[in-house]
Amino acid sequence: MLRLRQTLPTSSLSLEGEGQGEGQRPGQIRCGGSSRHLFLIPALSRWERVVKRFLLLATVFPASVNCIAQAFSFPTANRALLESDGEEKFFVGTVGKSWASGIFGCVRTDGQQFHEGLDVRCLQRDRRGEPIDPVLAAADGTVVYVNHKPGLSNYGQYVIVRHLVEGLEIYSVYAHLSEVREGIASGREVRLGEHIAIMGRSTNTRQGISKDRAHVHFELNLLANERFPEWYRNNFPDQRNDHGRWNGQNLLGVDPRLVLLSQEREGGRFRFLEFLRNQTELCRVVVRTTSFPWLLRYTPLIRRNRIADQEGVAGYEIALNYTGLPFQLIPRSASEIAGRAQTQLLSVNEAEQAKHPCAHLVTKRGGRWELTRAGLRRLDLITY
Ligand SMILES: [Zn+2]
């Protein structure tokens, strides 16, 4: 059973702003003991109020907020990932490469290029050999975007569904579709396992996807920033953005293979939040900014710091994994931040960088580690 119903041992909080209304829908996540009116701190900014409320709740009522969580399921009927040596049947590799080039991670261009999802192999074909696998919603959620124009994306036709998992907004992506089911449009609620589309091989890349390699490209993401369109215009004034905030660059992936395998292994003990918190650190930075959307949307990733509680928050220390996903944030007071730069690199896990270099977030120059342009850009997007 991949669908779990469980009581979390620690608290979670329905977030203000976008996605808030999803908290009470059956089958998703139900968090009791709303704290909305318990801790009002009028002198603080909206972000600080929300963050403080969450941290106070976690401290004062560690077991009082019960959430019924759900896990993710497979995006098609192909579940060979769970079989021993089933990878060959589950993943599609790139042309001339093994299945291992169809997984999430530094698996393209000799490890130098990042593939941010799973390429799940086709099981069913019509008489012409075209894929016809039903594509299924990986969890209960709400459709937030459908791209019907394959020419506008290397994802081809794609669908994005928002899920609320343990208080976290998670976005699943289903790409290269041949057909999106009628009625599947932004705002439509879907249930786990619901048939939302048909597998295809749509894309705007020059080489295309052969019948042989037909697959659904499946992602699980966190949303970097709802102000992405403005950020993108400022950073890439000459480039088009046809998809608003639903541009792939604004979606920060976690490895769906590890999520699915961890769920299978841990059963009812699996916690998505713990999975996120347990990412391996690539580097640690500090940013001198105190209000940005990530703090509001992913409050459970913030750790408490009593010094910053007492002295006031002057910035955030952020741990990033090798893909550039911020998975731990610690508020820091002015007295705890050395140096004056807006963004500073504090440390690098050299073994992790050697193992997974493809996001090119840090580099060594003259014997010293520094953030690359890509690293600085990622932090700029997160804190914009
Ligand atoms: Zn792919």
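In this note's numbering, the protein residues as written are 2 to 385. Cβ coordinates follow ideal geometry from the N, Cα and C atoms, glycine included. From a predicted model like this one, the values you see are computed outputs, not experimental measurements.
A direct Cα-to-Cα measurement between D86 and T290 gives close to 47 Å. F328: member of the beta strand (DSSP E) spanning P327 to R333, first to last residue. Apart from sequence neighbours up to five positions away, the residues of its chain that approach I185 with a beta-carbon distance below 8 Å are V144, V147, V160, V191, I197 and A198, ordered along the chain.
For N148, the uninterrupted beta strand (DSSP E) segment begins and ends at G142 to N148. Contact check between the region 340-359 and the region 253-267: fewer than three CB pairs, one atom from each, fall below 8 Å, which does not count as touching. In the DSSP annotation of this structure, the continuous segment of the beta strand (DSSP E) that includes K365 starts and ends at V363 to R366. Excluding five sequence positions before and after D134, the CB atoms of its chain that fall closer than 8 Å to its own CB belong to T77, A78, N79, C123, L124, Q125, I199, M200 and V217, given in chain order. For the pair N205 and P132, the CB atoms are not nearer than the 9 Å cut-off. Per DSSP, I308 is one residue of the alpha helix (DSSP H) stretching across R307 to E312. L193 sits away from D239, with the two beta carbons spaced by 9 Å or more. At a threshold of 8 Å, A139 does not count as near ligand 1, since its beta carbon sits no closer than that to any of the ligand's heavy atoms.
By the 16-neighbour rule on beta-carbons within 10 angstroms, N279 is exposed. In this structure Q329 is buried. Its beta-carbon is surrounded by 16 or more other beta-carbon atoms within 10 angstroms. Put simply, the backbone Cα of Y385 is about 13 Å away from that of L224. By the neighbour-count definition (other C-beta atoms within 10 Å, threshold 16), T324 is a buried residue. Judged by DSSP in its simplified three-state form, E275 adopts helix.
The residue among V363, L382 and A72 with its C-alpha nearest the C-alpha of R234 is L382. In the three-state scheme derived from DSSP, where H, G and I count as helix and E and B as strand, A198 is classed as strand. In terms of CA proximity to W247, V162 leads the group V162, F92, Q113 and G97. At least one heavy atom of ligand 1 lies closer than 8 Å to the C-beta of G103. Boundaries of the beta strand (DSSP E) harbouring T344: T344 to V349, taken from the DSSP string. Within the region 110-183, complete beta strand (DSSP E) segments of at least 3 residues are found at 114-116, 119-122, 135-137, 142-148, 158-166 and 169-181, given in chain order. Of Q345, S74 and S336, the smallest CA-CA separation from I319 is found for Q345. The beta carbon of A335 sits closer than 6 Å to those of A315, all from its chain and outside the five residues before and after it, given in chain order. Taking a C-beta distance under 9 Å as the contact criterion, V363 and L252 do not qualify as a contact pair. Taking the Cβ of D111 as the reference point, every heavy atom of ligand 1 lies at 8 Å or farther away. By the 16-neighbour rule on beta-carbons within 10 angstroms, A176 is buried.
In the three-state DSSP reduction, G376 falls in the helix class (H, G or I). Here DSSP, grouped into helix, strand and coil, assigns G106 to strand.
Judged by beta-carbon spacing, E88 lies within the 9 Å limit of A101, meaning their Cβ atoms are closer than that value. Relative to the non-hydrogen atoms of ligand 1, the Cβ of A215 never comes closer than 8 Å to any of them. With a minimum length of 4 residues, the unbroken runs of alpha helix (DSSP H) contained wholly in the region 249-302 fall at 257-267, 273-278 and 294-298. When only Cα atoms are considered, G112 and R304 end up about 33 Å apart.
Not one heavy atom of ligand 1 lies closer than 8 Å to the C-beta of D134. Between L274 and G168, the CB-CB gap stays under 9 Å.
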